[in-house]
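Below is one structure; the comments refer to it alone.
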Amino acid sequence: PIRRGAQCSSDPPDSCLVTLPPATQQKSTYGGVSHIHHLSRCGSVCPPVSDCLAPCLTALCPSVHGGWSGWSGWTECSGPCIAGSNIPSRTRRRSCSSPTPSADTRPPVDGGWGAWAPAGKCSASCGEGLQLSARTCDQPTPKYGGQFCAGPSTKATVCQVVCPVDGFWSGWSNWGECSSSCIPQGQAPVRTRSRSCTNPAPSTSPPGKGCSGERSQAQNCDQLPNCPVDGGWSSWTSFSACPVTCGVGLQVSDRKCNNPPAKHGGQPCPGEQRRSKICKTNVHCPVDGSWSSWSKWSKCKSPFGGRDIRCMEVRGSQKRIRECLHRDHNGSICIGDQLSEIRVCYDVHQCFLKGNWEGWENWSMCKPSCGKSATLQKKVLQTQLQ
């Protein structure tokens, strides 16, 4: 129950309650207390109760709109026949009593649809999907028994969402040329091939996934011949110690052609393998004597004084000499003690000598080797004293 102009307290006095027959009661609760309201009189004149009661539950019971009763039977026709334009008629009736409209009945207000709300998000993340849009029956809201809006409150439209395109590799290209025509020292040449992420390329909006895997491949060219390796010198060794204790000596230093060694037809190391330098001790070494060359033989002379033996078969003698030279600083004398030599001779200077032929030599080769030619044979003249 509601007080006039104010709400009843949570524990209203008994004077605020009204009790009616059970068939016309409905129980409701206000402030935690059950209250009984008259139903059949809703919309009609309220019963004479305490002033604290509001009009009978007009907020709970809608207005009662009138409804037609059934049609009555047809009356008798107004005439027995049709005379010219006077056409007899008959009638029937019905009353607005099923039910009878309540005293405060208002005309029904049918509902009207509001504007469609903007379409929602597409149901598909890519490809074809649906978008839902809704509207509300509030323009106006149905009242007083008016009809609810006819038609659907939601609609769906087809939507298209661009799908991301993931990339895929094209085929591999042919192998390229090897990086060298031969295998260099320590590292084999390589050849490569490649592919591109263009079959198809990944989309940019929306972004697709790139291709997974390697874009290029490399392969060793092991079937090629080895490249010639030219030799290279190692570092020079230190000079050797001076090999002499007096005078001057020769110190040497060498290097090896092993950095790297020449291989596979490569060139040997250019330049000298050994170098030398003179070392001095500042001490004079003993100089051993050395024989000079023999002098020419002297003129052939008779051993018996100044007798002339030229062109005679008389033996004479000749002499030659040599010297021990260059001995110094307490060096050794020349080995051997023969300072001179004497031999037997014949003085044949400007003498006439009778000779005898020896045998012929073998024939020489023809000159020229073809055509007319001649051969040559010679013999040696042997002379002897007569």
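Counted from 1, the sequence shown has number 1197 at position 100 by the working numbering; the numbering is strictly sequential. C-beta atoms are modelled at their ideal positions from N, C-alpha and C, and glycine is treated no differently. The structure presented is a predicted model; accordingly, all values stated were derived computationally and were not measured.
- When beta bridges are read from the DSSP output, residue 1421 appears opposite 1388.
- Residues 1339, 1346 and 1348 of the same chain have their beta carbon placed closer than 6 Å to that of residue 1376, with the five preceding and five following residues left out of the count.
- According to DSSP, residue pairing for residue 1315 in a beta bridge involves 1289.
- The straight-line gap separating the alpha-carbon atoms of residue 1307 and residue 1263 is approximately 6 Å.
- Excluding five sequence positions before and after residue 1329, the CB atoms of its chain that fall closer than 6 Å to its own CB belong to 1356 and 1357, given in chain order.
- If one requires a minimum length of 3 residues, the beta strand (DSSP E) runs lying completely within the region 1225-1272 are 1251-1258, in chain order.
- Setting aside the 5 residues that flank it on each side, residue 1352 is surrounded in the same chain by 1330, 1331 and 1333, each with a C-beta closer than 6 Å to its C-beta; the list follows chain order.
- As DSSP reads the structure, residue 1304 sits in a beta bridge with 1301.
- Relative to the Cα of residue 1285, the nearest Cα in the group 1402, 1450, 1388 and 1322 belongs to 1322.
- Exposed is the label assigned to residue 1425, since fewer than 16 other Cβ atoms lie within 10 Å of its Cβ.
- Non-local C-beta neighbours of residue 1238 in its own chain, meaning closer than 7 Å and more than five positions away in sequence, comprise 1208, ordered along the chain.
- Closest in alpha carbon position to residue 1272, among 1190, 1287 and 1259, is 1287.
- If you draw a straight line from the Cα of residue 1446 to the Cα of residue 1458, it is about 29 Å long.
- Membership of residue 1351 in the beta strand (DSSP E) is indicated by the continuous run 1345-1351.
- Counted as a single uninterrupted DSSP element, the beta strand (DSSP E) harbouring residue 1376 occupies residues 1371-1377.
- Residue environment for residue 1235: exposed (fewer than 16 other C-beta atoms within 10 angstroms of its C-beta).
- With contacts defined by Cβ atoms closer than 9 Å, residue 1388 and residue 1420 form a contacting pair.
- Rounded to whole angstroms, the Cβ separation of residue 1259 and residue 1219 is 11 Å, and the two are not in contact under 8 Å.
- In the displayed model, residue 1441 falls within a strand according to three-state DSSP.
- Shown here for residue 1255: same chain residues with a beta carbon closer than 7 Å to its own, the five before and five after excluded, namely 1225 and 1227 in chain order.
- Pairwise C-beta distances place the region 1162-1181 in contact with the region 1190-1199, as three or more of them are shorter than 8 Å.
- Just so you know, the alpha carbons of residue 1344 and residue 1336 end up roughly 18 Å apart.
- Between the alpha carbons of residue 1318 and residue 1223 lies a gap of roughly 48 Å.
- Rounded to the nearest whole angstrom, the CA to CA distance from residue 1169 to residue 1187 is 12 Å.
- The beta-carbon distance between residue 1444 and residue 1417, rounded to whole angstroms, is 16 Å. This is too long to meet the 8 Å contact definition.
- In the structure shown, residue 1209 adopts coil according to DSSP, grouped into three states.
- Listed in chain order, the non-local C-beta contacts of residue 1276 below 6 Å within the same chain comprise 1286 and 1287, local neighbours out to five positions each way being set aside.
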